[in-house]
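Residue numbers (our numbering), protein chains in the order written: chain A, 1 to 505; chain B, 1001 to 1064.
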């Protein structure tokens, strides 16, 4: 793909015998249990989550008042550094505590298979830290890659996409809303029951998405409460006048490799369409209502209201985007062609035989696995027993999780080998700036003062230097990576960085 | 602090697919998992091991 992208996963955590008021301390301890090579000290240069891409900065971000019940009144205040406990890893990833959830942010990737490998590497890294923490504690520690606690609390799986700043903000929002409302038909992870909707007459349902119940506005900078379908946080992590980083918070945590690749591939193509001037193909009357309606209809027959035309189904909306992408983006690159072909095949199968996708989409795999059990045991979809099985689907321990049970039976499609995932645990992608971040961690950690997405601050001959990586978002960074990777010493690295880019050609 | 790199952003030069991790076969689309296949009854056993009250007890802080 002709852009950088990545995935951030906040894991649900359980430590036997402890409760939600312990999760901040336990998440911090878990992250600190990471035993691989890493450096601490996140570099926040250019980061302000209150800055809105619509051109203003909010005073405060919303927080969920329900979380106050889990605050410990006598807990000593922690500095941001103590609470985050950042670990920047040799594969270019970031591993830290975020609001009581261990969070793994993949390094920037440029290919779908690299991203899948690094997303899965994140699971293994988080699991290894959990197992180490369990040994220290002599208590079982379990991590779930999902997005709900079934009691109304949600936590995120975010995608980041670098895109052109030149696309007007309103075009981004209006162009994405119908797409985000409907991509859950293949990207949803499935959920037993409904949350945050006391009026729903059909709470005893299986829905497509873990996350759809938790959106209340179309666009805003918030992420913790009053969540928007389109998050307008403006943190480009690249040269601001040229780029945005679209921070997508409306997606589910995918266990299926194929669903991850299709979700990111289709979204990246839609962004490409917007960059090429696509005007929104459709405008929905009420996107917030529609995202919930669509999530709760696994027949795909439901049509949602649109402005200036007859109601449309999710499949019809997805086909509008697909057809535009086929016309304009065929032959763009290998990932684009894979995405176009699989996108169309998936929509066709959803229309004719959704269960045939049980080997590649999470909601279908989960539905097929749990429905037989539910019928046999005569349980409602929102029965706590069904929700416990739903939760177990997302357990990232290959010896316990139900997704991994399916995978080990050969039921699930794979996009990458286990060897490639294993390698991604310690090696960054070779064709993005994450390689340079990882190189500093791997070889020069003792001089690093802090590392962020867009730079490395380090000590060199008593001088404080900042390696500005804001410009290094193009494909040609692979050549710089080769040169710096071959350097035998920090002197040679600094010399290579200081040379003009034209010297590297 | 001295900033030591300000690169030009859109230079034309070929990318180098120099990923040493990329193995032949990775680019050929979905394949079968390279894991050992257990007896098919293992999944059912795994489901039966799930505590029916796990979700009832499961509480998390809100995340992003």
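Glycine residues also receive a C-beta, built at the ideal position from the N, C-alpha and C atoms. Since this is a predicted model, take the numbers as computed values, not measurements.
Taking the CA atoms as reference points, residue 1058 of chain B sits about 11 Å from residue 152 of chain A.
With respect to chain B, the C-beta atom of residue 409 of chain A has a partner C-beta closer than 8 Å. Contact check for residue 362 of chain A and residue 255 of chain A: beta-carbon distance about 6 Å, within the 8 Å limit, so the pair qualifies.
At a Cβ-Cβ threshold of 8 Å, residue 41 of chain A and residue 450 of chain A count as neighbours. Counted as a single uninterrupted DSSP element, the alpha helix (DSSP H) harbouring residue 406 of chain A occupies residues 402 to 408. Rounded to the nearest angstrom, the Cβ distance from residue 97 of chain A to residue 83 of chain A is 6 Å, consistent with a contact under 8 Å. In this structure, the CA atom of residue 51 of chain A is about 11 Å from the CA atom of residue 231 of chain A. In the three-state reduction of the DSSP assignment, residue 207 of chain A falls in the strand class. In this structure, residue 1051 of chain B lies away from residue 154 of chain A, with their beta-carbon atoms at least 8 Å apart. DSSP places residue 342 of chain A in no beta strand (DSSP E) but in the uninterrupted alpha helix (DSSP H) bounded by 334 to 352. Under DSSP, residue 161 of chain A forms a beta bridge with A:5, A:246. Within the stretch 232 to 256 of chain A, those residues whose Cβ lies closer than 8 Å to any Cβ of chain B are, in chain order, 239, 242, 249. In this structure, the CA atom of residue 298 of chain A is about 28 Å from the CA atom of residue 337 of chain A. Residue 301 of chain A sits in coil when the DSSP states are folded into three classes, being neither helix nor strand. C-alpha of residue 481 of chain A to C-alpha of residue 10 of chain A: approximately 30 Å in a straight line.
For residue 272 of chain A, the enclosing alpha helix (DSSP H) stretches over residues 257 to 275.
Around residue 64 of chain A, the beta-carbon contacts reaching into chain B at under 9 Å are 1061, 1062.
For residue 123 of chain A, the number of other beta carbons within 10 angstroms of its own is at least 16, and it is reported as buried. Chain order gives no chain B residues near residue 447 of chain A, where near means a beta carbon separation below 8 Å; the closest approach is about 13 Å. With three or more CB-CB distances shorter than 8 Å, the stretch 117 to 136 of chain A counts as touching the stretch 32 to 46 of chain A. The beta-carbon separation of residue 251 of chain A and residue 263 of chain A, rounded to 6 Å, stays under the 8 Å limit for a contact. Of the residues assessed, residue 74 of chain A falls on the exposed side of the cut-off, its CB having fewer than 16 other CB atoms within 10 angstroms.
Nearest neighbour of residue 242 of chain A by Cα position, chosen from A:115, A:452, A:325, A:471, turns out to be A:471. In the structure shown, residue 418 of chain A adopts helical secondary structure according to DSSP, grouped into three states. Under the Cβ criterion (8 Å, minimum of three pairs), the stretch 319 to 331 of chain A does not count as touching the stretch 286 to 301 of chain A. Contact between residue 261 of chain A and residue 415 of chain A holds: their C-beta atoms lie close to 6 Å from each other, under 8 Å.
Under the DSSP assignment, residue 429 of chain A falls outside any alpha helix (DSSP H); it carries neither an H nor an E label.
Rounded to whole angstroms, the Cβ separation of residue 360 of chain A and residue 259 of chain A is 7 Å, and the two are in contact under 8 Å. With fewer than 16 other Cβ atoms inside 10 Å of its own Cβ, residue 76 of chain A counts as exposed.
Chain order gives the chain B residues near residue 23 of chain A as 1060, 1061, where near means a beta carbon separation below 8 Å. Between residue 192 of chain A and residue 381 of chain A, the beta carbon gap of about 5 Å places them in contact (Cβ cut-off 8 Å). Chain B places no beta carbon closer than 8 Å to that of residue 73 of chain A, leaving this residue out of the contacts. Within the stretch 382 to 393 of chain A, 383, 384, 385, 386, 387, 388, 389, 390, 391, 392 place their CB atoms closer than 9 Å to a CB of chain B, listed in sequence order.
With fewer than three CB-CB distances shorter than 8 Å, the stretch 226 to 240 of chain A does not count as touching the stretch 303 to 313 of chain A.
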